[in-house]
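So the structure is just underneath, and the comments pick up after that.
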Amino acid sequence: MFVSQERLTLLLLLGVIGAVVGINLLITALGPGYFAHPFSSEAHEGDQVSLQGTVSSVAWTGTGSNLLLTVNGTTVFVPAETAVAIQVQKGEEVRIIGTVQVYQGKKEVMVEDSEGIRILSASTGQGRY
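So, in structure tokens, the structure goes:
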């Protein structure tokens, strides 16, 4: 049915497909936080970063749909579609995974989905957001 070269080609192709699927599953299992580096002033726009600290402020934007957090003095922007899926309050210890963006000349971290905010410890403050 197949000659030896065709058989070898088919086996190599199946091996490559298996490797690609395996790598994809591994990257998915590790999650985006595995590839993020700690946020710093040297981070470039578009970099994926992590930021861990205490939430010192929680505010809705002027439109009332997006959420702004301040964590360790850094602004964290949470778009409306993500903000509705999370509850975070002032005083909580959080770990943020997001992308660096520049808004009005200042670097901030944009959270792309609810997986990008993990609450590490309970708040001592009042009210949930």
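Going letter by letter, the sequence shown gives residues 941 to 1069 in the numbering used here. C-beta atoms are modelled at their ideal positions from N, C-alpha and C, and glycine is treated no differently.
Query: What's the C-alpha gap between A1025 and V1018?; Result: 10 Å
Query: Under a three-way DSSP split, which group does T1039 fall into?; Result: strand
Query: Enumerate, from N- to C-terminal direction, the unbroken beta strand (DSSP E) stretches of 3 or more residues contained entirely within the segment 942–1016.; Result: 988–1000, 1007–1011
Query: Report all residues from its chain with a CB closer than 8 Å to the CB of S990; omit the five preceding and five following residues, and keep chain order.; Result: G973, A976, H977, P978, F979, R1035, I1036, I1037
Query: Can you tell me whether E1052 is helix, strand or coil according to DSSP?; Result: coil
Query: Identify the continuous alpha helix (DSSP H) that holds E1021 and give its terminal residues.; Result: 1020–1023
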